[in-house]
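Participant: Numbering of the sequence shown is given in the UniProt record's numbering, commencing with residue 1 and proceeding in unit increments.
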Amino acid sequence: MVDRAVVVPRADRPQNIRNVALVGPTGAGKTSLVEALLFAAGGLSRPGRVEEGTTVSDHDEIEIRQKRSVHLTVNPVMVGDVKVNLLDTPGYADFIGAMRAGLRGADAALFVVSALDGVDGRTRVLWQECAAVGMPRAVAVTKIDHPRADYDDVVAQCQEAFGSGVHPAYVPAVEGTGDDRRVVGVWGLVSERYYDYSDGGGSGSAPEPRPVPDWLREAAGPLRETLIEEVITESEDEALMERYMEGGALDPDLLIADLKQAVAAGGFHPVLALSPTHGVGVRELLRELPLSCPDPTRRAFPEVVAPDGRPVRGLSCDPDGPLVAEVLSTTSDPYVGRVSTVRVFSGTLTADSPVHLHGHGVPSGMTGSDEHDRSGEDERLGALNVTLGRDTRPVGQVVAGDLCQVSKLPTARTGDTISDRDRPLRVSPWRFPQPLLPVAVSAASASDEDKLSQSVSRLVAEDPSLRVEVNAETHQMVLWSLGEAHLDAALDRLEHRHGVRVRTGPVRVPLRETFAVPAQGMGRNVKQSGGHGEYGVCRIRVEPLESGSGLEFVDEIVGGVVPRQFVPSVEKGVRAQMAEGVDSGYPLVDLRVTLYDGKAHSVDSSDMAFQKAGRLALKDAATAAKLSMLEPVDEVTVEVDESYLGAVMSDLSARRGRVVGTEAADGGRAVVRAEVPTLEMTRYAVELRSISHGTGVFTRNYLRHETLPPQVAARLPAQPA
């Protein structure tokens, strides 16, 4: 096919911009649809290769290697004088962080559903997330030309899953059955236009509207009546409703205007029929996007605060207003460095201009679960670009409501706010998903060890859906992700982007020990070597305390048998030995240690001598007492579709969990609250997804340590040194 001249999309006013996030599971055809739209609008010089993982819009070698989308990508196209930014979000559940970033940058969502696979549980959850923020939504049913496709059945599934506001706006004209089945056209129910695709749609030319076939009007006519009633009802156009009730002819342009209003209000969701691989319905969708999707001025402005935390009111999507932009995602390019995808909410971004970067509470690399709040840094913007497939084209400025890529912002992190230097502002962050799948990572070689900490911190700065901590008890570096695919992509990025190879291993759970019964011990540290020796003897009583009590040290020395200055030394030695543990290597906790007797030497006694004596006394007491192993227990909250409630509760019980309560949630979902040992939760992020067919989400927080059952303790290895 001969290459065509590529149109570089541009917009100079917010009213000529549409930002649409494509949402749906892997395999639904989102990327193929984006490429078909780009080609139809002149944004690509040739159609893309539609094989999974090898599309022309892939710009990331990680995506090519892993055969899946892992990043948010923005692909702009021009439809007349309107610039439509297509935000292609990853479909795999592990990359929900990039999907939410896409929704943050969009003003409407297009749910892509395969006519073969229908609506899965994960898509239902994503629909509810969009509904919660009032985002306008439409549905694109793809692969309608497949022999096994059933458009009517998929529409019924969408109506059952998404609610009564879902109605087909286009219906396919189908001839034949089975392998002889083919789509010969699509009928726009509102516009009353029929587009003939009897040639298969492969010519690339736009089909001309033709009269609606009588058989199609007879079959789909009731759908049109229902659609018109719904549009008029949602738009609350009383004059149009009255005319419709009287049986008068309706102006299609008025219906389209009402359709736009109904979609923007969030109560009506049109369904379109497409086959991106053959171009069927693609141009119809391209025409619908500017008509049905709201422009950025109709979006509620996100909350903005000044550096001192005071709310800032009165901002709007105005190119002449103060600059407020947000970094939706960041990636590292091997040639140009860090590249940031940015949404401009107010003002105008200009290439090579000074700006202020302000961070907010996102996981801060090596500080475990702590959050940080960067006070702000002054930077100078690099080039501003728009993406065209794998290529980028420079633009001089980007107005409010638009999106672009910004290069050479070395300190930018996902979620940062870009504002004017003389008026720094901060946008309240969107909700980042909590990473709950841990894996221990260590450097593969000494050369990797030197770069590991810095590289992992950069990784977390690019993707707040990752978290890294160094556990003070197990001394492991633990990388937390959203799932196995998310972890694979992060490790791939570490090796190929940052040049660090790592080993992975199981995460050690921070177990502890305590005394099950009271005991006594003596520590005798007496060494005479001809010169200055060591002399320290102490006797202690050890008693268990309630969970969380820590160490209670009691001094019962009378008569000065242990000089006053050495009593703190005994306590220091006891504390040090508790931290190291005894035979198993796990820390000892929740003890009352009473020093009641001992001996000292006028010359050889010292602080160090009594520290060692305190250590020996605790070890001696441990040999005579029964020790109990303690395991951490998490407070776990699971939200799942009600149909999977029983399976989730049974699984939690099998994990030695205690269900403490259940309650109903919106949208046919249920919440389960339980207390579950941490040992049983290591891979729960993966296993819950399987149990609930992708509909389950959960949170976990440390609750307390409890006694570990002996049969479980017997299977555990000793704590490594």
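Ideal Cβ placement from N, Cα and C applies to all residues, glycine included.
From a predicted model like this one, the values you see are computed outputs, not experimental measurements.
For T411, which residues in the same chain have their Cβ closer than 7 Å to its Cβ, ignoring the five residues on either side in sequence?
Facilitator: Around T411: L357, E377, E379.
Participant: Spatial neighbours of K527 within its chain, please: C-beta separation below 6 Å, excluding the five flanking residues on both sides.
Facilitator: The residues are G533, E534.
Participant: How would you write the range of the alpha helix (DSSP H) that H486 sits in, first residue to last?
Facilitator: Residues 484–496.
Participant: Compute the Euclidean distance between the alpha carbons of A621 and T637, then round it to the nearest angstrom.
Facilitator: Spanning the two alpha carbons is a distance of roughly 40 Å.
Participant: Are the CB atoms of G27 and S114 nearer to each other than 8 Å?
Facilitator: Yes, they are a contact pair.
Participant: What distance in whole Å lies between the Cβ atoms of S455 and L482, which are believed to be in contact at a cut-off of 8 Å?
Facilitator: Going by Cβ atoms, the distance from L482 to S455 rounds to 20 Å, so no, they are not a contact pair.
Participant: Run through DSSP, which three-state label would T226 get?
Facilitator: Reduced to three states, the DSSP call for T226 is helix.
Participant: Determine whether the beta carbon atoms of A273 and G279 lie at a separation below 8 Å.
Facilitator: Contact flag unset, no.
Participant: Using the rule of at least 16 other Cβ atoms within 10 Å of the residue's Cβ for burial, across every protein chain shown, is Y684 buried or exposed?
Facilitator: Counting Cβ neighbours within 10 Å, Y684 comes out buried, since at least 16 surround it.
Participant: From the DSSP output, which residues share a beta bridge with N75?
Facilitator: Per DSSP, L86.
Participant: Output the residue ranges of the beta strand (DSSP E) runs that lie fully inside the stretch 115–173 and measure 3 residues or longer, sorted by chain position.
Facilitator: 137–142, 166–168, all fully within the stretch 115–173.
Participant: Tell me whether the stretch 333–351 and the stretch 386–405 touch, counting them as touching only if at least three CB pairs, one residue from each stretch, are closer than 8 Å.
Facilitator: In short, these stretches touch, since the Cβ pair count reaches three.
Participant: At a cut-off of 7 Å, is C130 close to the ligand FMN when judged by its beta-carbon and the heavy atoms of the ligand?
Facilitator: As far as ligands go, the structure on display features none, and thus does not contain the ligand FMN.
Participant: Can you look up E52 in the DSSP assignment and give me helix, strand or coil?
Facilitator: Caution applies to E52, whose pLDDT of 39 falls short of 50 and renders its modelled position unreliable; the value that the coordinates give is listed next. E52: coil per DSSP, three-state reduction.
Participant: What residue does the beta strand (DSSP E) around L388 start on, and which one ends it?
Facilitator: 384–388 is the extent of the beta strand (DSSP E) around L388.
Participant: Taking the C-alpha atoms as reference points, what is the distance between P578 and S407?
Facilitator: Just to set this straight, residue 578 is Met in the shown sequence, not Pro. About 52 Å.
Participant: Skipping 5 residues on each side, what residues in its chain have a beta carbon closer than 7 Å to that of R658?
Facilitator: The residues are A674, E675.
Participant: On the criterion of 16 or more Cβ atoms from any shown chain inside 10 Å, does S692 qualify as buried, or is it exposed?
Facilitator: Its Cβ being crowded by 16 or more others within 10 Å, S692 is buried.
Participant: Does H475 pass the burial test, meaning 16 or more other C-beta atoms within 10 Å, or should it be called exposed?
Facilitator: It is exposed - the Cβ of H475 has fewer than 16 other Cβ atoms within 10 Å.
Participant: Identify the continuous beta strand (DSSP E) that holds D377 and give its terminal residues.
Facilitator: For the record, residue 377 in the displayed sequence is Glu; it is not Asp. Note, E377: beta strand (DSSP E), 377–380.
Participant: Provide the residue span of the beta strand (DSSP E) that contains V312, from first to last.
Facilitator: That residue, V312, is in no beta strand (DSSP E); it is neither H nor E in DSSP.
Participant: Ordered along the chain, which non-local residues of its own chain (more than five positions away) have a Cβ less than 7 Å from that of K30?
Facilitator: Excluding residues within five positions, the ones whose Cβ falls inside 7 Å are L22, G24, D88, G91, V112.
Participant: When burial is assigned at 16 or more other CB atoms within 10 Å of the CB, is T330 buried or exposed?
Facilitator: Answer is buried; the Cβ neighbour count reaches 16.
Participant: CB P587 to CB E706, shorter than 8 Å?
Facilitator: No, Cβ-Cβ distance for P587 and E706 is not below 8 Å.
Participant: Across which residues does DSSP place Y535 in a beta bridge pair?
Facilitator: Partner(s): V526.
Participant: Return the bridge partner residues of P394 from the DSSP annotation.
Facilitator: For P394, which the question treats as bridged, DSSP gives the partners N385.
Participant: Taking only three categories from DSSP, how would you classify I691?
Facilitator: If DSSP states are grouped into helix, strand and coil, I691 belongs with the helices.
Participant: Name the one or two DSSP bridge partners that Q552 has.
Facilitator: For the record, residue 552 in the displayed sequence is Glu; it is not Gln. For E552, which the question treats as bridged, DSSP gives the partners R592.
Participant: With a CB to CB cut of under 7 Å and the five nearest residues on each side skipped, what residues in its chain are close to L616?
Facilitator: Taken in chain order, the residues that qualify are G523, R524, N525.
Participant: Take F162 and list the residues in its own chain whose beta-carbon comes closer than 7 Å to its own, dropping the five residues that flank it on each side.
Facilitator: The answer, listed in chain order, is W127, H269.
Participant: Decide yes or no for the touch test of the stretch 332–341 against the stretch 303–312: beta carbon pairs closer than 8 Å, at least 3 of them.
Facilitator: Judged by Cβ distances under 8 Å, the stretch 332–341 makes no contact with the stretch 303–312, as fewer than three pairs qualify.
Participant: Could you pull out every residue in the same chain whose Cβ sits closer than 6 Å to the Cβ of Q611, ignoring the five residues on either side in sequence?
Facilitator: Around Q611: S569, K572, G573.
Participant: Would you check if there are 3 or more beta carbon pairs closer than 8 Å linking the stretch 95–103 to the stretch 240–254?
Facilitator: Contact between the stretch 95–103 and the stretch 240–254 is absent, because fewer than three Cβ pairs lie under 8 Å.
Participant: Tell me the start and end of each unbroken alpha helix (DSSP H) in the stretch 237–285 that is at least 4 residues and wholly inside, in chain order.
Facilitator: Within the stretch 237–285, the complete alpha helix (DSSP H) runs of at least 4 residues are 238–245, 252–265.
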